[in-house]
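Presented below is the structure to which this report refers.
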DNA sequence: CGCGCAACCTGTCTGC
DNA sequence: TGCAGACAGGTTGCGC
């Protein structure tokens, strides 16, 4: 689920709500969440701390705490971070099957719970249990994220930077966009959407782009991510924002999950292929493959 | 070194 | 109805 627009949406919503609040108690219910640190140890380290703010780096959420430390969280595939005002009000995993005696599916999937000093709670829910969290000294953050690539919504994300990252890459453009070490925060949804906007074929080698393509792809990545932000993120299935609400971006997809539907630009059918294990949607007639060398004009036989 | 893929998990949906 | 298989927003480690 959560790619840059979804994580950013949560950070923007919850940041102002959490800033200045004290975490009276953190309860860690799943040892996988804090692994390899024992749940009770992470809980004890975070309990009693005051929140400075909530930020984002790539797809990571950064909960700044007093004392010069940050709780880094990653939602992975199905994680949600939701502010809960009344226990019964919100169900971040609404739509999931309820078993007997359960008030909400969220409770079953709760991995951690923050109790704030104003009586509200923040739940980290995650059915697939891929989500994780760790506490880190602030001065270690640059080192920890040194291998994460450029932030695509920052001024540093220029066509030249994108070109430098793509230089010499033989991997398909789809894989290139998913590589967090090059561009941070793009995932399966927005990679498809960006390639469609740039009219680039997902299987074209990243290194085959020319400067005009660097510019087109830079703009397309930015536009796709901003569309996601504008519509509050994409809720294909599990994603909920910081208030437990679905996003609307899934209704705005140009190609992602739209196999067989008409291309919004030409009307031809959207195709689905698998690229390095990920479902990939594109318009075969508009997203043409780049050639390593210009095709020779067919020579006419002299008559 | 770069790249593709299996593995990590749990749940839902589809087809036989 | 039951059941096997495919598939799901991400990341990591391993083999080639």
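In my numbering, the protein residues as written are -16 to 286. Here a beta-carbon is modelled for each residue, glycine too, at the ideal position from N, C-alpha and C.
1. Given this structure, state the Cα-to-Cα distance separating residue 193 from residue 181, to the nearest angstrom.
2. Find the nearest neighbour of residue 8 within the set 138, 156, 201 and 34, judged by alpha-carbon distance.
3. Residue 12 by DSSP, collapsed to three states: which one?
4. Which of helix, strand or coil does DSSP assign to residue 114?
5. What do you reckon, are the CB atoms on residue 167 and residue 62 nearer than 7 Å?
6. Can you tell me the Cβ-Cβ gap for residue 257 and residue 176, rounded? I've got them flagged as a contact below 8 Å.
7. Give the straight-line distance between the Cα atoms of residue 17 and residue 65, rounded to the nearest whole angstrom.
8. Start and end of the beta strand (DSSP E) containing residue 47?
9. To the nearest angstrom, report how far apart residue 91 and residue 114 are at their CA atoms.
10. How should residue -9 be labelled, buried or exposed, when 16 other C-beta atoms within 10 angstroms of its C-beta is the threshold for buried?
11. Looking at the secondary structure, which residues open and close the beta strand (DSSP E) in which residue 94 lies?
12. So, with DSSP's three-state summary, where would you put residue 56?
13. If you compare alpha carbons, which of -6, 50 and 204 is closest to residue 121?
14. Among the residues of its own chain, which have a CB less than 6 Å from the CB of residue 146, if the five just before and after it don't count?
15. From what residue to what residue does the alpha helix (DSSP H) around residue 208 run?
16. Three or more C-beta pairs under 8 Å: does that hold for the region 24 to 31 against the region 104 to 118?
17. Considering only the beta carbon of each residue, do residue 225 and residue -7 sit closer than 7 Å?
18. In its own chain, which residues sit with a C-beta less than 7 Å from the C-beta of residue 103, not counting the 5 before and 5 after it?
19. Kindly list the residues whose CB is nearer than 6 Å to the CB of residue 43, restricted to its own chain and excluding five residues on each side of it in sequence; keep chain order.
In terms of the structure at hand:
1. 13 Å
2. 34
3. coil
4. coil
5. no
6. Between residue 176 and residue 257 the Cβ distance is about 18 Å, and since that is not below 8 Å, they are no contact.
7. 18 Å
8. 43 to 48
9. 15 Å
10. buried
11. 93 to 99
12. strand
13. 50
14. 197
15. 194 to 213
16. yes
17. yes
18. 66, 67 and 68
19. 55 and 57
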